[in-house]
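K.L.:
First the structure, which I've put down as structure tokens, then a few questions once you've had a look.
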Amino acid sequence: MMKKRILTGDRPTGALHLGHLVGSLANRAALQDEYETFIIVADVQALTTNFERPERLSDDVRQVALDNLSAGLDPDKSVMFVQSMVPGIAELTVFFSMLVTVNRLRHNPTIKSEAGSYGYTDMTYGFLGYPVSQAADILFCRADLVPVGEDQLPHIEMTRFVAGRFNELYGPVFPEPEALVSRVPRLVGTDGSAKMSKSLGNCIHLSDEPAVVREKVMSAVTDPARIHKSDPGHPEICTIAAYHRAFNAQESQSVEESCRVGTIGCVACKKRMVEVLEALLSPMRERRAAFSGPGLIDEILVEGTKRACAEADETLGRVRRAMRIDYFGGRDA
Ligand code: TRP
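If you're matching positions, the sequence shown starts at 624 in this note's numbering and goes up one per residue.
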């Protein structure tokens, strides 16, 4: 039996954080034995917003790859590759772009909210169209499952639409991939806002040093109505309580009960969270260090990209045959 496939990944726009970890990275690592796993470092997608600063990509590409490896991705099991180095993804994007109307893109909720947060009054063609390119990221290897955070669901919907439309017009080439949303599809930021997000500066990064993690946790926003330890707390509105649910499932109920009756104070509750996060992050730091040797990460990405290119060639062959644009029997020019 052929294993089913996973494709997922990240844009290299800076260090990944705990929201990425619980939203998608932990699932990727847990499923890599069961599924043939492809991890995309989506540098072209990063350019849709950072096209004026391409020089940052070189570092960020390696950092995002290291973040994935530190979370348990194993380069002997999973294929980790760079989007811009797989020309087949760009070619697929062009073919798919014929299947998607501008209005469908304009109504994509994630595009809308991102355009709002970047303050775009008008959008580039590349930014508006990145969901089509993301469909090509997913379908170039004919993936079945896409572990993602909640904000990515409209893009998976788009991918299913593109796959269905292609198959209907030209014949069955693509599966309609399913999204896999984790137990914690969205993590609150340390400032208490709904989402841990780089643009809001409220993140605990996977690569943060212990002192930084401690400082961020100790200064995180909690229940503002709670001033003294004996005041009854409201875990349902507290950032740290949300982190206990996400990272300390075993104790979280008893922590919440003690908070409600005022027997555990915010400082003790935060200190416990610092310990929990250290237990989580310290083995990840070790894995990061192990993959940080000279040239190692580059080698992993180059090897992974070769495998991705081979897969893209296979898919593009099928696409051209299905579309009847294999004019010369598949011969290269
Ligand atoms: N859009 C995703 C993000 O911002 C990154 C991404 C690019 C992706 N291509 C993908 C995720 C394909 C899943 C599948 O995090």
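The beta carbon of each residue, even a glycine, is placed where N, CA and C say it ideally should be.
A quick note: this is a predicted structure, and the numbers were derived from the prediction, not measured.
1) Report the rounded CA-to-CA distance for A931 versus T716, giving the unit in angstroms.
2) Looking at ligand 1, does it come within less than 7 Å of D666, judged from the CB to the closest heavy atom?
3) Quick check on this structure: which residue in I779, V890, I923 and T744 has the alpha carbon closest to the alpha carbon of A843?
4) Along the chain, where does the alpha helix (DSSP H) containing F719 start, and where does it finish?
5) For the alpha helix (DSSP H) that contains T671, what are its first and last residues?
6) Could you tell me how far apart the beta carbons of S957 and Q668 are, in whole angstroms, since I believe they sit closer than 8 Å?
7) What is the residue span of the alpha helix (DSSP H) that G739 lies within?
8) Quick check on D955: does DSSP put it in helix, strand or coil?
9) Just the Cα atoms here: how many angstroms apart are S707 and L696?
10) Please name the residue in F661, E901, E659 and V684 whose C-alpha comes closest to that of L670.
11) Quick check: the region 729 to 744 against the region 766 to 773, are there 3 or more CB pairs under 8 Å?
12) Could you please give the first and the last residue of the uninterrupted alpha helix (DSSP H) stretch that includes V897?
13) Identify, in the order they occur along the chain, each residue of the same chain with its Cβ nearer than 6 Å to the Cβ of A652, setting aside the five sequence neighbours on each side.
14) Are the CB atoms of F661 and R628 nearer to each other than 8 Å?
15) Helix, strand or coil for T660? Go by DSSP, reduced to three states.
16) Any chance you could list the alpha helix (DSSP H) runs of at least 4 consecutive residues sitting entirely within the region 771 to 848, in chain order?
17) If I'm right that V878 touches P855 with Cβ under 8 Å, what's the distance once you round it to whole angstroms?
18) Using three-state DSSP, classify R634 as helix, strand or coil.
19) Taking the straight line between their C-alpha atoms, what separation do you get for L630 and A848?
P.N.:
Taking the structure as given:
1) Counting from one through the sequence shown, the residue named residue 931 turns up at place 308. Counting from one through the sequence shown, the residue named residue 716 turns up at place 93. If you take the alpha carbons of A931 and T716, they lie about 16 Å apart.
2) Reading the sequence shown from its first residue, position 43 is the one you call residue 666. No, the beta carbon of D666 sits no closer than 7 Å to any heavy atom of ligand 1.
3) Here residue 843 corresponds to residue number 220 of the sequence shown, with the count starting at 1. Cα-wise, what sits closest to A843 is V890.
4) Taking the sequence shown and counting its residues from 1, one reaches residue 719 at position 96. That run of the alpha helix (DSSP H) goes P710 to S720.
5) Against the sequence shown, residue 671 aligns to sequence position 48. Element bounds for T671: D666 to N673.
6) This structure does not reach residue 957, given that the chain is present from 624 up to 956, and the question cannot be answered.
7) Translated into the one-based positions of the sequence shown, residue 739 becomes position 116. Start and end: P732 to Y741.
8) In the sequence shown, counting from the first residue as 1, residue 955 sits at position 332. Correct three-state label for D955: coil.
9) Locating residue 707 in the sequence shown gives position 84, where the first residue counts as 1. Locating residue 696 in the sequence shown gives position 73, where the first residue counts as 1. So the two alpha carbons sit approximately 21 Å from each other.
10) For this step, residue 670 is matched to residue 47 along the sequence shown. It is V684.
11) no
12) Locating residue 897 in the sequence shown gives position 274, where the first residue counts as 1. Here the alpha helix (DSSP H) through V897 covers C889 to A913.
13) By 1-based counting over the sequence shown, the position of residue 652 is 29. Cβ within range, chain order: A694, G695 and L696.
14) As a first step, residue 661 must be located in the sequence shown, where it is residue number 38. As a first step, residue 628 must be located in the sequence shown, where it is residue number 5. Taking 8 Å as the Cβ cut-off, F661 and R628 qualify as a contacting pair.
15) Along the sequence shown, one-based indexing puts residue 660 at 37. In this structure, T660 counts as strand in the three-state DSSP scheme.
16) 776 to 793 and 833 to 841
17) What you label residue 878 is simply residue 255 of the sequence shown in a count that begins at 1. What you label residue 855 is simply residue 232 of the sequence shown in a count that begins at 1. With a Cβ gap of about 14 Å, V878 and P855 do not count as contacting.
18) As a first step, residue 634 is located in the sequence shown; it is residue number 11 there, counting from the start. Coil.
19) Position 7 of the sequence shown holds residue 630. Position 225 of the sequence shown holds residue 848. Rounded to whole angstroms, L630 to A848 spans 44 Å at the Cα level.
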